[in-house]
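Below is one structure, written out as structure tokens; comments come after it.
In my numbering, the protein residues as written are 417 to 1062.
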């Protein structure tokens, strides 16, 4: 018994040391692209995943263009740790669910990310799309919004809560450890005053989450604050219990009406992964006193259970839908007593400046009055202040320009109103002071800002203003009515004698001649295009092989074989006058036999085609083999060109 106790103790000690050394070793960074299936049908969705392993300080991620595919869902993010062959690595994976739009071969370029200040790129993948079978595919879920999903990493409090104990109620566990919360900085405010609403997800369980419903903010003007992408988790304590917190949405709200308004709830779908510990059956060994030490709750860590006793671990993914509670907001109207005549709805704290671009001008020039209101509050809802102008000016509607500080809270910035004033009369004129009033909710009172009046000197320009026509009584005479037949109605001629009659008569003949000329021209261009395509097929093929040679130098094996295959098939289509849709090996064999071209030419040609098709689905070809394929393609096209000329 004592011998068995010592052996077990040594084994555990050795395994713990090996695990510590493996965690301390520097891990290799990898950035890879994988797909669930390289060959799909037109109506078959597939998943593409970009995985960053052991990345340090990941600051940005840029997916490739999916122009030939429809994004059904994504991006979905997972992060955590994995153990493979005794080595632990950390990973972040982003996945998309795609569906092809067209039939053919498509290359999806790699994604780009900035890791530790360096720009890295994942590998491209080739997707072969065939015609669909006509079967109805299962519809994918709508794309999530709000924030990327989170997958917890092994170890720590999160995974301790993620263990489902025997007899424990799953619903109570989920309700206790995952919930949504809406934080508002105030629930009682004035109409037009700023309210900040923050929607947060609190979790202590590993979960993959997606927002399925966002609030509509009825009765409010809303401006969202940009959040980090992907969002960073923070830690908050609720009743002394630590939670990981993700901010779903943060919005600046300005009530547009008084009364009781409600902030709609946000809904989130979660896929929660729970760990179930399953005891081994049929184990009737004698009690080991050292086993009590390792079965202590301090050693009940999912990592060690998963690593040392993997058959005892089972995972259960549980769907869990949650929503936040609606929030009632009481909005008061701004006071009526003491409201200035110049007040037009501004609420907050503001400053105002008013300037004119010139004080001396002629009646041929224009004057610009620029009024800028800046400060904190509902800047994006400010109305133009009322500007009074003397009778010697004509005023136009103002041009409005906004300069809002990005992600400012409270909302800060400025709105500029530019009024164009056209002087109509020479002399000295005074533009009255511009007045702007706002309501300050902190002081619970109205504030009025006023500029200085502007004295403007107007000189007479080159263009003299015309006096307005006087339509008063006695100043306008009526034209005398003519009672006889007017001269233009006396002369009468027949339409058949008019030149327009013969123009309209010849018009159908001219249209018919134009249609015939257009059709013959189109037929000539079509025939001539086919002749040119046949004549220059060799040059086009060699041009494509030049591009393939460039891919060969860059080591892009799939792109090399794709371009080589296009060059060969395109040459055969143009030279043998076979449409691309009808191309096949048998038809090519028949065409070449009809022109008495057999032997090594056709044998080498079909060998080249087969090699390209095999290489497209077997990446990682030797560079020397690719060089031989390139030389073989050039030789075959050159020999076929000589044979077809003879």
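Idealized CB from N, CA, C, for every residue including glycine.
Asked: For residue 478 and residue 464, believed in contact at Cβ under 8 Å, the rounded distance; Found: About 14 Å; that fails the 8 Å criterion.
Asked: Residue closest to residue 484, alpha-carbon to alpha-carbon, out of 514, 510 and 492; Found: 514
Asked: Inter-residue spacing [alpha-carbon to alpha-carbon] between residue 935 and residue 491; Found: 51 Å
Asked: Beta carbon of residue 540 nearer than 8 Å to that of residue 526; Found: yes
Asked: heavy atom of the ligand FAD below 7 Å from residue 746 C-beta; Found: With respect to the ligand FAD, the structure offers nothing, as it holds no ligand at all.
Asked: Rounded C-alpha distance that separates residue 683 from residue 598; Found: 12 Å
Asked: Segment contact, 8 Å Cβ cut-off, at least three pairs: the region 750 to 757 with the region 731 to 740; Found: no
Asked: Helix, strand or coil at residue 534 [DSSP, three-state]; Found: strand
Asked: Range covered by the beta strand (DSSP E) that runs through residue 1060; Found: Element bounds for residue 1060: not the beta strand (DSSP E) but the alpha helix (DSSP H), 1039 to 1061.
Asked: Bounding residues of the alpha helix (DSSP H) (the contiguous stretch that carries residue 656); Found: It is not in any alpha helix (DSSP H) - residue 656 carries neither H nor E in the DSSP assignment.
Asked: Option in 529, 518 and 531 with minimal Cα separation from residue 544; Found: 518
Asked: Inter-residue spacing [alpha-carbon to alpha-carbon] between residue 846 and residue 636; Found: 41 Å
Asked: Contact between the region 735 to 749 and the region 824 to 843 (3+ Cβ pairs under 8 Å); Found: no
Asked: Simplified DSSP state of residue 1013, which is helix, strand or coil; Found: coil
Asked: Residue 589 vs residue 674 beta-carbon contact at 8 Å; Found: no
Asked: Member of 655, 621, 638 and 848 whose CA lies at the smallest distance from the CA of residue 689; Found: 621
Asked: Cα-Cα separation between residue 573 and residue 460, rounded to whole angstroms; Found: Because the pLDDT at residue 573 is just 45, under 50, the model does not fix this residue reliably, and the value given afterwards should be weighed accordingly. Distance between the alpha carbons of residue 573 and residue 460: 40 Å.
Asked: Stretch-stretch touch, CB-based, cutoff 8 Å, three pairs: the region 625 to 636 with the region 765 to 781; Found: no
Asked: Which of helix, strand or coil DSSP assigns to residue 755; Found: coil
Asked: CB contact flag (residue 978, residue 476, <8 Å); Found: no
Asked: Bridge-paired residues (DSSP) for residue 629; Found: 683
Asked: Classification of residue 593 by the beta-carbon crowding that lies within 10 angstroms, buried from 16 upward; Found: buried
Asked: Span of the alpha helix (DSSP H) around residue 445; Found: No alpha helix (DSSP H) contains residue 445, which DSSP labels as neither H nor E.
Asked: Cutoff 6 Å; reference residue 716; Cβ partners in own chain excluding five residues on either side; Found: Any reading at residue 716 is ruled out, since the residue's pLDDT is 45, under 50, leaving its predicted position unreliable.
Asked: Coarse secondary structure for residue 878, derived from DSSP in three states; Found: coil
Asked: Which listed residue (761, 990 and 1032) has its alpha carbon closest to that of residue 1060; Found: 990
Asked: N-terminal and C-terminal residue of the alpha helix (DSSP H) that residue 866 is part of; Found: Unbroken run through residue 866 is the beta strand (DSSP E), 861 to 866; no alpha helix (DSSP H).
Asked: Residues near residue 964 by beta carbon distance below 6 Å, same chain, minus five either side; Found: 976, 979 and 980
Asked: Cut-off 6 Å between Cβ atoms - residues of its own chain near residue 616, not counting five sequence neighbours on either side; Found: 597, 661 and 663
Asked: Inter-residue Cα distance where the pair is residue 809 and residue 844; Found: 12 Å
Asked: Reduced DSSP secondary structure (H/G/I, E/B, other) of residue 965; Found: helix
Asked: Enclosing beta strand (DSSP E) for residue 604 [first to last residue]; Found: 604 to 606
Asked: Secondary structure of residue 525, DSSP reduced to three states; Found: coil
Asked: Residue 641 in three-state terms, based on DSSP; Found: coil
Asked: Range covered by the beta strand (DSSP E) that runs through residue 831; Found: 828 to 839
Asked: Closest Cα partner of residue 1052 within the set 1029, 631, 1019 and 1040; Found: 1019
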